[in-house]
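Below: the structure, in structure tokens.
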């Protein structure tokens, strides 16, 4: 088990009024190298789960464990990709990819530099190692951000709506790209998204959440064979599942 | 043929136009100075009301280069010392204010009180407390310059994308490095903006300090010349002060273009 949340709740105190219950009694386990998508309406606590897993905030109650060890502080076998690429504008793409290592350890070995270049090749940015982020398109910047998340060779990759700021075409392209990268470098992925087709295309399992309080209302195993491609999305079963999940999300929202 | 001739003529006219725009600021200044001279001569304006540019020039030349240099050096050293201390004090303070809610609630109101106090009114009290040496002059300059730097730097440090702060925290990196490698570089455009304001304020501070506690420097010279009705020399001091201020501003703008070029 790579990730396990047992009876996890998270309350946010407010200056006035009762605390907001962001997460309520979440039980979730993710297997090693499993690709899990979290889906649900805004404010259902999807991103809060990622922040708990990243060690950025403690849970109010319940236990969070990574590889069986309780989460006490951030650990470096976890990579994070955010909604925005947020590269450092004054660093080259290569140095942006190396940034987590330099930031943490101050030193970058030649082996790590080679690893950064290999990663840039994997994400298709080998020719842009010396470029500045501003010279790259949004999709390319997000690829660089993925390479940055992978540079410490983490076992767990947390992705917080990583493609939602991209246009529709780039978005599909990036999803397929991510599948290819994931096949090349298997990781345990927790992927937050608003897009049902994206969740279906990418993940092994979809966790549907409801909002206020954030609860898991449904877990769906995605049956489509890998490797998946755009053809997977043309499968009639794909659409049926998408519609089914959409009804589930809406009914969960209606109940909340 | 004629069409081509016209287009060549048009091109020359366009080039002349561009050249005119390029020299426009200098031209404006020259025209203004000439107009000033003419108005003074035609209306026979007495020197104590408004001295002629040529009279100011003559007074400046008569004063002597060594004396000028001595006074400029005196003022400039206060400006630079005050500005440097202000920066060295404001930037770490801004980092502390961003990092600690407690300090923010306790120190910021204090800073606002200091900023709201008319420094010109406090200056004589500072001289009483610290004497008429360079210490008081530098303190007056620091008091007048630090506030815009603190405010701008705190704003800049807070503008850093939240994701990068989370990235830094998820790496469990030391907070000092979060500031040095992420927050301060992001705040640089704000800090440069404030530094440009602060350096011109530093000139004001130095002159004010020389008014109340000095026997040298451009501020003292200006006050002294005016008191002795050497009005053209006082004007010359004023012009030197303006040039000094503009030069400092330009120097910081130059450094800004070199270091914060990634902004564009």
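Residue numbers (our numbering), protein chains in the order written: chain G, 1 to 256; chain S, 1001 to 1264. Quick reminder that beta carbons are idealized off the backbone N, C-alpha and C, glycines included.
Review point. In the stretch 94-113 of chain G, which residues sit with their C-beta less than 7 Å from some C-beta in chain S, listed in chain order?
Key: Under the 7 Å Cβ criterion, the stretch 94-113 of chain G contributes 100, 103, 104.
Check your understanding: How about residue 262 of chain G and residue 134 of chain G: are their beta carbons less than 8 Å apart?
Key -> The question about residue 262 of chain G has no answer here: the residues shown for chain G are numbered 1 through 256.
Review point. Exposed or buried, which one is residue 160 of chain G when buried takes at least 16 other CB atoms within 10 Å?
Key: Under this definition residue 160 of chain G is a buried residue.
Exercise for review: Could you pull out every residue in the same chain whose Cβ sits closer than 6 Å to the Cβ of residue 69 of chain G, ignoring the five residues on either side in sequence?
Suggested key: So the list is empty, once near-sequence residues are dropped.
Review point. Is any beta-carbon of chain G found at less than 8 Å from that of residue 1176 of chain S?
Key: Answer no: the Cβ-Cβ gap between residue 1176 of chain S and chain G never drops below 8 Å.
Review point. Which residues mark the beginning and the end of the beta strand (DSSP E) in which residue 1074 of chain S is found?
Key: Run containing residue 1074 of chain S: none in the beta strand (DSSP E); it sits in the alpha helix (DSSP H), 1065-1099.
Practice item. Go ahead and label residue 1051 of chain S buried or exposed: buried means 16 or more other beta carbons lie within 10 angstroms of its beta carbon, across all protein chains shown. Key: Classification of residue 1051 of chain S: buried, given that the 10 Å Cβ count is 16 or more.
Practice item. Report the three-state DSSP secondary structure of residue 9 of chain G (helix, strand or coil). Key: Correct three-state label for residue 9 of chain G: strand.
Exercise for review: May I ask you to report which of helix, strand or coil DSSP gives residue 31 of chain G?
Suggested key: If DSSP states are grouped into helix, strand and coil, residue 31 of chain G belongs with coil.
Review point. With a CB to CB cut of under 7 Å and the five nearest residues on each side skipped, what residues in its chain are close to residue 1155 of chain S?
Key: Excluding residues within five positions, the ones whose Cβ falls inside 7 Å are 1190.
**Study point:** Paired residues, beta bridge with residue 216 of chain G - DSSP
**Key:** According to the DSSP secondary-structure assignment, residue 216 of chain G is paired through a beta bridge with G:209.
Exercise for review: Provide the residue span of the beta strand (DSSP E) that contains residue 158 of chain G, from first to last.
Suggested key: Looking at the DSSP string, the run of the beta strand (DSSP E) that includes residue 158 of chain G is 156-160.
Point to revise | Assigned secondary structure, residue 1224 of chain S (DSSP; H/G/I helix, E/B strand, else coil) | key: Helix at residue 1224 of chain S.
Practice item. Indicate whether at least one CB of chain G lies closer than 8 Å to the CB of residue 1256 of chain S. Key: Chain G, which has no Cβ nearer than 8 Å to the Cβ of residue 1256 of chain S, makes this no.
Review point. At a CB-CB cut-off below 8 Å, which residues of chain S make contact with residue 178 of chain G?
Key: Neighbours of residue 178 of chain G on chain S: none; closest Cβ ~19 Å, over 8 Å.
Check your understanding: Which residues does DSSP pair with residue 79 of chain G in a beta bridge?
Key -> DSSP lists G:157 as partners of residue 79 of chain G.
Point to revise | Same chain, Cβ closer than 7 Å to residue 1126 of chain S, neighbours up to 5 away in sequence not counted | key: 1136, 1139, 1140.
Practice item. Anything in chain S within Cβ reach of residue 78 of chain G, meaning under 9 Å, just list it in chain order. Key: Residues of chain S whose Cβ lies closer than 9 Å to the Cβ of residue 78 of chain G are, in chain order, 1170.
Check your understanding: If we cut at 8 Å on Cβ distances, does residue 56 of chain G have a partner in chain S?
Key -> At least one CB of chain S lies nearer than 8 Å to the CB of residue 56 of chain G.
Check your understanding: In chain G, which residues lie less than 8 Å from residue 1159 of chain S when you measure between Cβ atoms?
Key -> The contact set of residue 1159 of chain S on chain G, defined by CB atoms closer than 8 Å, is empty, because the minimum CB distance reaches about 13 Å.
**Study point:** Selection from G:198, G:40, G:157 that minimises the alpha carbon distance to residue 168 of chain G
**Key:** Of G:198, G:40, G:157, the smallest CA-CA separation from residue 168 of chain G is found for G:198.
**Study point:** Supposed close pair residue 211 of chain G, residue 41 of chain G - CB separation, criterion 8 Å
**Key:** Indeed they touch by this definition, with Cβ atoms about 5 Å apart.
**Study point:** Close Cβ partners of residue 29 of chain G (< 8 Å) along its chain, the five nearest in sequence each way excluded
**Key:** Only 1, 3, 4, 5 meet the Cβ criterion.
Check your understanding: What are the residues of the stretch 1078-1101 of chain S that lie near chain G, defined by any Cβ-Cβ distance shorter than 8 Å?
Key -> The stretch 1078-1101 of chain S vs chain G, Cβ under 8 Å: nothing.
Review point. Rounded to the nearest angstrom, how far is the Cβ of residue 75 of chain G from that of residue 55 of chain G, given a contact under 8 Å?
Key: For a cut-off of 8 Å, the C-beta gap from residue 75 of chain G to residue 55 of chain G is around 6 Å, short enough to register as a contact.
Exercise for review: Return the bridge partner residues of residue 63 of chain G from the DSSP annotation.
Suggested key: DSSP output for residue 63 of chain G lists G:6 as bridge partner(s).
Practice item. Within its chain, find whatever has a CB closer than 8 Å to the CB of residue 94 of chain G; leave out the 5 residues flanking it on each side and keep chain order. Key: Once the five neighbours on either side are set aside, the close Cβ partners of residue 94 of chain G are 113, 116, 117, 120, 129, 130.
Review point. Counting along the chain, where does the beta strand (DSSP E) carrying residue 222 of chain G start and finish?
Key: For residue 222 of chain G, no beta strand (DSSP E) encloses it, and the DSSP letter there is neither H nor E.
Exercise for review: Using a Cβ cut-off of 8 Å (strictly closer), state whether residue 1187 of chain S contacts chain G.
Suggested key: Output row for residue 1187 of chain S: interface = no.
Practice item. Drop a sphere of 10 angstroms on the beta-carbon of residue 1187 of chain S, count the other beta-carbons inside from all chains shown, and report buried for 16 or more, exposed for fewer. Key: Classification of residue 1187 of chain S: buried, given that the 10 Å Cβ count is 16 or more.
**Study point:** chain G contact for residue 1173 of chain S (CB, 8 Å cutoff)
**Key:** For residue 1173 of chain S, the answer is yes, since a Cβ of chain G falls inside 8 Å of its Cβ.
**Study point:** Residue closest to residue 1166 of chain S, alpha-carbon to alpha-carbon, out of G:35, G:191, G:53, G:22
**Key:** For residue 1166 of chain S, the closest of G:35, G:191, G:53, G:22 by C-alpha to C-alpha distance is G:53.
Exercise for review: Go ahead and label residue 1200 of chain S buried or exposed: buried means 16 or more other beta carbons lie within 10 angstroms of its beta carbon, across all protein chains shown.
Suggested key: Residue 1200 of chain S comes out buried.
Point to revise | Continuous alpha helix (DSSP H) stretch holding residue 170 of chain G: start and end | key: Start and end: 168-184.
Exercise for review: Would you mind sorting residue 1264 of chain S into buried or exposed? The rule is 16 or more other CB atoms within 10 Å of its CB.
Suggested key: Low confidence applies here, because residue 1264 of chain S scores a pLDDT of 45, under 50, leaving its location unreliable; read the following figure in that light. Looking at its Cβ environment, which holds fewer than 16 other Cβ atoms inside 10 Å, residue 1264 of chain S is exposed.
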